[in-house]
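Contents: one structure, followed by commentary.
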Amino acid sequence: MFDIIIRSALDIVGRTERLIDAMRRLLHSDDLDEVQVYELDHEIGRLGDVVFNVDEAVRSLARTVECWPQTALSHGIRRTLH
Numbered sequence: 553m554f555d556i557i558i559r560s561a562l563d564i565v566g567r568t569e570r571l572i573d574a575m576r577r578l579l580h581s582d583d584l585d586e587v588q589v590y591e592l593d594h595e596i597g598r599l600g601d602v603v604f605n606v607d608e609a610v611r612s613l614a615r616t617v618e619c620w621p622q623t624a625l626s627h628g629i630r631r632t633l634h
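Quick note, the sequence shown lines up with residues 553 to 634 if you use my numbering.
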């Protein structure tokens with residue numbers, strides 16, 4: 553279950569990074585007025601911050617999940633807790 557969440561979240565991060573790149577290319581075109589460029593640049597910055605935080609959280613979750621079996625064995629936990 554966690555592996556599906558992790559893979560899906562990393563896929564979202566990758567797609568969002570590609571969207572940010574596309575938005576940056578749009579910024580460099582001459583199709584936008586000054587206000588639109590400013591608003592788009594601001595949103596790119598905010599989106600980039602969110603993607604970075606999500607990426608870090610998902611990778612941290614992945615590392616935690618990888619350690620669970622080892623932690624359970626070292627502490628003698630061999631049953632599913634309910």
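Yeah, the Cβ is synthetic: ideal placement off N, Cα and C, and Gly gets one too.
To the nearest angstrom, how far is the alpha carbon of Leu584 from that of Val617? Walking along the sequence shown from the start, residue 584 turns up at place 32. Walking along the sequence shown from the start, residue 617 turns up at place 65. Distance between the alpha carbons of Leu584 and Val617: 45 Å.
Taking Ser560 as part of the alpha helix (DSSP H), name the residues at either end of that continuous run. In the sequence shown, residue 560 corresponds to position 8, counting from 1. Counting along the chain, the alpha helix (DSSP H) containing Ser560 begins and ends at 554-580.
If Val610 and Leu578 are in contact, beta carbons under 8 Å, what's the gap, nearest whole angstrom? Within the sequence shown, residue 610 is the residue found at index 58, counting from 1. Within the sequence shown, residue 578 is the residue found at index 26, counting from 1. Going by Cβ atoms, the distance from Val610 to Leu578 rounds to 27 Å, so no, they are not a contact pair.
Have a look at Asp555, Ile564, Ile557, Ile558 and flag the residue whose alpha-carbon is nearest the alpha-carbon of Val603. To locate residue 603, count along the sequence shown from 1; it is residue 51. Taking only the C-alpha atoms, the option nearest Val603 is Ile564.
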